[in-house]
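Chains as they are written, first to last, in the numbering used here: chain H, 1 to 322; chain C, 1001 to 1322; chain P, 2001 to 2322; chain F, 3001 to 3322; chain Y, 4001 to 4322.
We put the beta carbon where it would ideally sit given N, CA and C, even for glycine.
Small disclaimer: the values here were computed from a predicted structure and weren't measured.
For reference, the structure discussed in these notes is given below.
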Amino acid sequence: MSVVAAVLYRDGKRVRDIDVTEKVHCPDDHSEFVWIGLLDPTPQDLRLLQDQYGLHPLAVEDAINGKQIPKVDVYRDQLFVTARTAELVEDKIHYGEILIFVGHSHIITVRHGHEREFSKLRGELEQKPSMLQNGVGYVLHAILDYIVDGYLPIIETIEEDTLAMERRTVDNFLGRDEIIRIFSLRRELIRFQRVLIPMGEVAAKFVRSELPCIDPDARPYFSDVNDHVRRVQAMAEALREVINSVFEFSNLLEQQRTGAITRQLAAWAAILAVPTAIAGIYGMNFRYMPELSWRYGYPLVLIVIVVICVLLFWRFRTLKWL
Amino acid sequence: MSVVAAVLYRDGKRVRDIDVTEKVHCPDDHSEFVWIGLLDPTPQDLRLLQDQYGLHPLAVEDAINGKQIPKVDVYRDQLFVTARTAELVEDKIHYGEILIFVGHSHIITVRHGHEREFSKLRGELEQKPSMLQNGVGYVLHAILDYIVDGYLPIIETIEEDTLAMERRTVDNFLGRDEIIRIFSLRRELIRFQRVLIPMGEVAAKFVRSELPCIDPDARPYFSDVNDHVRRVQAMAEALREVINSVFEFSNLLEQQRTGAITRQLAAWAAILAVPTAIAGIYGMNFRYMPELSWRYGYPLVLIVIVVICVLLFWRFRTLKWL
Amino acid sequence: MSVVAAVLYRDGKRVRDIDVTEKVHCPDDHSEFVWIGLLDPTPQDLRLLQDQYGLHPLAVEDAINGKQIPKVDVYRDQLFVTARTAELVEDKIHYGEILIFVGHSHIITVRHGHEREFSKLRGELEQKPSMLQNGVGYVLHAILDYIVDGYLPIIETIEEDTLAMERRTVDNFLGRDEIIRIFSLRRELIRFQRVLIPMGEVAAKFVRSELPCIDPDARPYFSDVNDHVRRVQAMAEALREVINSVFEFSNLLEQQRTGAITRQLAAWAAILAVPTAIAGIYGMNFRYMPELSWRYGYPLVLIVIVVICVLLFWRFRTLKWL
Amino acid sequence: MSVVAAVLYRDGKRVRDIDVTEKVHCPDDHSEFVWIGLLDPTPQDLRLLQDQYGLHPLAVEDAINGKQIPKVDVYRDQLFVTARTAELVEDKIHYGEILIFVGHSHIITVRHGHEREFSKLRGELEQKPSMLQNGVGYVLHAILDYIVDGYLPIIETIEEDTLAMERRTVDNFLGRDEIIRIFSLRRELIRFQRVLIPMGEVAAKFVRSELPCIDPDARPYFSDVNDHVRRVQAMAEALREVINSVFEFSNLLEQQRTGAITRQLAAWAAILAVPTAIAGIYGMNFRYMPELSWRYGYPLVLIVIVVICVLLFWRFRTLKWL
Amino acid sequence: MSVVAAVLYRDGKRVRDIDVTEKVHCPDDHSEFVWIGLLDPTPQDLRLLQDQYGLHPLAVEDAINGKQIPKVDVYRDQLFVTARTAELVEDKIHYGEILIFVGHSHIITVRHGHEREFSKLRGELEQKPSMLQNGVGYVLHAILDYIVDGYLPIIETIEEDTLAMERRTVDNFLGRDEIIRIFSLRRELIRFQRVLIPMGEVAAKFVRSELPCIDPDARPYFSDVNDHVRRVQAMAEALREVINSVFEFSNLLEQQRTGAITRQLAAWAAILAVPTAIAGIYGMNFRYMPELSWRYGYPLVLIVIVVICVLLFWRFRTLKWL
Ligand SMILES: [Mg+2]
Ligand SMILES: [Mg+2]
Ligand SMILES: [Mg+2]
Ligand SMILES: [Mg+2]
Ligand SMILES: [Mg+2]
Ligand SMILES: [Mg+2]
Ligand SMILES: [Mg+2]
Ligand SMILES: [Mg+2]
Ligand SMILES: [Mg+2]
Ligand SMILES: [Mg+2]
Ligand SMILES: [Mg+2]
Ligand SMILES: [Mg+2]
Ligand SMILES: [Mg+2]
Ligand SMILES: [Mg+2]
Ligand SMILES: [Mg+2]
Ligand SMILES: [Mg+2]
Ligand SMILES: [Mg+2]
Ligand SMILES: [Mg+2]
Ligand SMILES: [Mg+2]
Ligand SMILES: [Mg+2]
Ligand SMILES: [Mg+2]
Ligand SMILES: [Mg+2]
Ligand SMILES: [Mg+2]
Ligand SMILES: [Mg+2]
Ligand SMILES: [Mg+2]
Ligand SMILES: [Mg+2]
Ligand SMILES: [Mg+2]
Ligand SMILES: [Mg+2]
Ligand SMILES: [Mg+2]
Ligand SMILES: [Mg+2]
Ligand SMILES: [Mg+2]
């Protein structure tokens, strides 16, 4: 079985490693609990734990299927919590899935995907027995806090990129590649927000409702997790507005530019039509065209052409078409 | 009568087939119930059952008329539930309608349209007497779960098609046929969401409210159905955003392209106006045009034309118009 | 006075016609009630009934002024209900107004406009004394049900027209007349939705709140009315989305078409500029232009022109501009 | 002091004018109250009344500062209500501010701006002692009703103008002045809605909450005020949709027109390029151009030109470009 | 330590400056409290106060990290409040952060950034012992009121600028710099609204919930703060609508102008094509062109050209293209 760690804790201190198939009897005073960490377990692994720890079949089914929206399910005196880890890899956010079974004397974490490890977190918690002795609720909080703390650098990186892109828009016009990149960043943001909203709801549920296995004194801690989710959410929303602004902005500038060029085109077309039309007239082959035999007919026509063109040019300048 | 099956169950086990016109007396301890399945029944069929099982006239009226939005109606100690099955056939989602009358000792399912059969479901349930002995609430859950499980493959197929289309947009411009297809997929999605929202409300109602005939222990099961609806809903929403993105995106690229072509058009018009205008001048028939008799007048003019054109070309290149 | 009918009912059966100025004493057990139907009454008519039946002055004021949004007002032990009938006449929905005063022993319906008559409804109800004997609440339900049943054919007619128009959009471009018609249909829909929403709230209020004069057993009946309103609402919303889709769609196709034509225009302009420019050159009157005296100068130039034009044409074909 | 009126009422009848600095002792049975009307009072005036009638300092501060959003503040057993009067002057809505201090035995109205006078209202109320004897709550209702009754003519005038403008759009294209006027009307509407929403909340608060100084029997009266606000709101919303429709509509027609003109332009450019190109060819000065010396060369070329132009014209007609 | 001030108050009067490391014992009757003001404290400073005043570790962590969304956290009998000050510097709003720890006998304010000082506020409060003697709740109110009072001038300045810009739009077309400035103002507004919403929630929480350390009589004061936030919010929303209007407006006018210029361009192109085409015809070198030898051929052609051009000009005038 893909067991990362399986440890019995008493009064916040590590007692010993256990075997997942072992039947551990914890006293009713919640002074002891078992924390099992699994990585990509098979359905068989989970069914085995189901019998051992009385996990609800629906929760086990969800843990086997995966692809759950973050949520908290209450099954009598047990909880089933699902959450999403996130990591930014080259403009794409990769998601991992964490499924947590919580009972009064056990907490089982199931991880799908390798995005972020928990062993460091376990080490840190074992350094603070005063927290750990408060039971499974604090372990659950620590995991959610750890997951949510991983969201901030992602949004900060996207923020930097987007703001840089925004500054460039003010000075330049957006190229095809930049449009594609912004669209892709926006999609990542929209997807991320779809994870953030239920994650916030998960944290808020621990703050608002009386849930089994969770010490009421732990509420401010879940409230703190909720705060951090809300902060990331606020940043994500702000970023979406920036991106939409960039589009609208670039749209407006592009439109203004097309308008200006249309006017320029119209002006030059008018100016250049003058020599063409006049020269066309004097290119006709009529026998009786007196101007053709004038001594200064040619320079006169040239002067007329230049004068009309200059007048037109000056007129269009005044209209700000040129 | 279009009876697909009509069976009496006791303690989760099949006792015998019954006749729908037969008056079955079930004990008050809910250990027995009757499950009747009808396909496209006539109003007469339904009125007959109305008398037999004390169905509410408004519920029967709805079952006759069909075209109901998914809902749960409570009539004293009976329930009337309507739901929608869905199936994807060549880019179109076909909907079927299921109407369910639930009493303490009976569950009557009425099916309009042939989209998905329930006989397989009945077979599966009869394999699990431990579930079936919990009564009509579990049968109802199994039906809703079965319906909702049919939603996922639909949304996954549309997702695949849409994402493929999106990838093509990045590389190409959308043709008329692709625009029509995306519009049609979007409409199917919008319609599907209109079914998903009340279906989720139906499931949520079983989780939140104390309803007659439903064992409170069955709540996590309905919560699970709700979860699955919510997941499909989340996917549908995400897809709509992708489709909107594809349009906006294709719009922006088209606009940028039109802008670029307008500039190119303006540039070439300016460049080509040069030989036309100059040649026009020297095509005039004035008697006294000294340049015409120069030995190298012609090549000189050609050189002047080429030089001006090249300068203009270079200038437009710099402006990124060409 | 514009009295359409004024009848005393006992135990669901018609007793006798009454005079509206007559003081009718009904027993307290709700076994008797008076149902008065008025058409376009004058303020004087209403003030007379106000004294007779203890109607609240604010309700009477509303009945005189008309133009009420559908609503339910509770005045001590009486109700005042306003509703809207609707009828489709040549692409326009005409609205009528119904104002209903309900007391324990009286129901007075005031109708403004002739859109749909109630006498047929009264006749039908008198055929079902078992319903009518339940009192004024059932008469009120029957009226609301009758009004709401009139909404469905309207939305179905608009739906048919809109879907037909949509199909034409896929094959053609929208003309000015079609744009005007769709805009007008959309406005009718928006206005209709403004009536549907408060009509649904009226029905919902009877389902949710304990209201005077209304038997709690009548709730499923009002819930049924609410369902029908919701169904029409769902159809109206779906239609608005179809109409918006038609616009967006026609917009996108128009834009694509303009883009395509701009490219075609640019391509032909470039191709046709070639003969013009080259012919212009050889139309110059320089004395020393060696090509002019070549034996095959003319066919050569023609060949050059054709070759360049064909090359350009082939190039634009490749770019899909032509 | 800018006292418009200050009167003591007993049992709904005017007793005598009082001096605002006078200490009036009213009995506890609410049979007497003082109604003071002020116009643009100075801070000193208000501070004086504050001591006399025990007004809350925050309410007095608001009355001095003005520019309050409509609201109801409860200070122990007193109320402080702020409202907005409105008047239409040449396409602009002018707002006035009314601030009302309500205690069991006093009602003080402070008016900023001269938009609509209350003396007429006081006169009318004094004609109905049966209402006035119910106390300050009815005076408050009368004032709010009077203010809200002033909203309807405003929205009706804007409605008329907008619908006239809409009809013109269907027949014509919008000019610059009309666009400016519609924009300005829309802004007035948006601002008006910002006043209507909190005004409705003020009325609703009197309907829903048990407030000091307000007789529960007065609730239907405030509900009636709320109804009238809601009706004006519904009209304002409908108007905004009409205006947005006018823009969208005019936008679509303008776009269609630009598309049509682009096509026409392209067609004529193509047609006129034919004589220019062919004539250019035969304007070349090659020595050996056999056609030039044909007897019927010239009429032949003219015929060729005309035929090609007619064919092109006919082709573009078929395409509906011309 | 960066202590700005640390003072012990008794019955609303300043007793003496204290040392932050000093253990001050206040009686349980809330007659005394300590008010400490810190500027940019180090984590060490805060940890020291944490031990002294029993601050919750999560609150201290937030005070160290900063960047909090405005909020109220309840930790047993203490409060932790975060808020944002704002200042407008050259079209940009600069934000400062205030973090406030409130206990029954202490209030500790932590300021990050120098935007607005509190010492003036402390001076003002010390002038009003009648308010100050009510305890820490009134100090907290005064701080929030002070912060919120700083919002109004910001929004008023932006309002003035925006309305000026709007007026210019009506008379002119927007230039690139103005578009950039409006976009930047809009972003500042959006960001500001993101601060206003949670600030309003903070104030509303004090009005609605029973919070530790806060005297229920202080509620109207927090309600007043909430009112002021709502007023600024209403102005911000109105401004955003104005800005959106300016864009839409400028968009519509630009589009109308492009349409008009397209029509003008098309008209002039048609008019100027006439002399070019006709002159081209008579510039052909056919031997047999009878018109060429007519005595008045040339002036006749000139007249024909002028007549056609004038007719076309007149036609386009009628169509309002010119
Ligand atoms: Mg599940
Ligand atoms: Mg759930
Ligand atoms: Mg954290
Ligand atoms: Mg933390
Ligand atoms: Mg999600
Ligand atoms: Mg939520
Ligand atoms: Mg925190
Ligand atoms: Mg029904
Ligand atoms: Mg399922
Ligand atoms: Mg399942
Ligand atoms: Mg639906
Ligand atoms: Mg619903
Ligand atoms: Mg009314
Ligand atoms: Mg009906
Ligand atoms: Mg019905
Ligand atoms: Mg309405
Ligand atoms: Mg309503
Ligand atoms: Mg509602
Ligand atoms: Mg229902
Ligand atoms: Mg105030
Ligand atoms: Mg309000
Ligand atoms: Mg009124
Ligand atoms: Mg009234
Ligand atoms: Mg306002
Ligand atoms: Mg509100
Ligand atoms: Mg009402
Ligand atoms: Mg919090
Ligand atoms: Mg303030
Ligand atoms: Mg203040
Ligand atoms: Mg925020
Ligand atoms: Mg307030």
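- With contact defined as three or more Cβ pairs closer than 8 Å, the region 215-228 of chain H and the region 187-204 of chain H are in contact.
- Residue 3236 (chain F) and residue 2194 (chain P) do not touch by the CB rule: their CB atoms are close to 12 Å apart, not below 8 Å.
- The C-beta of residue 3187 (chain F) comes closer than 8 Å to at least one C-beta of chain Y.
- From the beta-carbon of residue 2179 (chain P), the residues of chain F found nearer than 9 Å are 3249, 3252, 3253 and 3256.
- Under the DSSP definition of a beta bridge, residue 181 (chain H) lacks any partner.
- Judged by DSSP in its simplified three-state form, residue 4221 (chain Y) adopts helix.
- In the three-state DSSP reduction, residue 1258 (chain C) falls in the helix class (H, G or I).
- Rounded to the nearest whole angstrom, the CA to CA distance from residue 1097 (chain C) to residue 2212 (chain P) is 37 Å.
- Contacts with chain P at 8 Å (Cβ-Cβ) do not include residue 3192 (chain F).
- Going by DSSP, residue 1017 (chain C) is part of the beta strand (DSSP E) stretching over 1013-1017.
- Taking C-beta atoms under 8 Å as the contact rule, residue 3215 (chain F) and residue 3135 (chain F) qualify, at a distance of about 6 Å.
- Inter-residue distance for residue 2117 (chain P) and residue 2048 (chain P) is about 24 Å (C-alpha atoms, whole angstroms).
- Taking CB atoms only, residue 4183 (chain Y) has a neighbour in chain H less than 8 Å away.
- DSSP, read as helix, strand or coil, puts residue 2009 (chain P) in strand.
- Counting only residues of its own chain and dropping the five nearest sequence neighbours on each side, residue 3012 (chain F) has a CB closer than 6 Å to the CB of 3129, 3132 and 3133.
- Residue pairing by DSSP places residue 3234 (chain F) in no beta bridge whatsoever.
- In the assembly as shown, residue 3109 (chain F) is a buried residue. Its beta-carbon has 16 or more other beta-carbons within 10 Å.
- Under the 8 Å Cβ criterion, the region 289-305 of chain H counts as touching the region 1273-1290 of chain C, having at least three qualifying pairs.
- For residue 3157 (chain F), no chain P residue has a C-beta closer than 9 Å to its own C-beta; the minimum C-beta separation is roughly 16 Å.
- Taking the C-beta atoms as reference points, residue 247 (chain H) is found no nearer than 8 Å to residue 4183 (chain Y).
- For residue 1037 (chain C), the nearest beta carbon of chain P is not closer than 8 Å to its own beta carbon.
- In this structure, residue 3014 (chain F) sits near residue 3126 (chain F), with a CB-CB distance shorter than 8 Å.
- When the beta-carbon positions are compared, residue 4275 (chain Y) and residue 277 (chain H) come within less than 8 Å of each other.
- CA-to-CA, the gap between residue 146 (chain H) and residue 122 (chain H) works out to about 11 Å.
- When rounded, the separation of the alpha-carbon atoms in residue 1199 (chain C) and residue 2253 (chain P) is 36 Å.
- Per DSSP, residue 1274 (chain C) has no beta bridge partner at all.
- Around the beta-carbon of residue 2174 (chain P), 16 or more other beta-carbon atoms lie within 10 Å, marking it buried.
- With contact defined as three or more Cβ pairs closer than 8 Å, the region 2146-2163 of chain P and the region 2034-2049 of chain P are not in contact.
- For residue 4073 (chain Y), the uninterrupted beta strand (DSSP E) run begins and ends at 4071-4075, by DSSP.
- Around the beta carbon of residue 1071 (chain C), 16 or more other beta carbons lie within 10 angstroms, which makes this residue buried.
- Contact of residue 3171 (chain F) with chain Y is not assigned, every C-beta pair being separated by 8 Å or more.
- For residue 2078 (chain P), the enclosing beta strand (DSSP E) starts and ends at 2078-2089.
- When P:2265, P:2309 and P:2024 are compared, the shortest CA-CA separation from residue 2322 (chain P) is found for P:2265.
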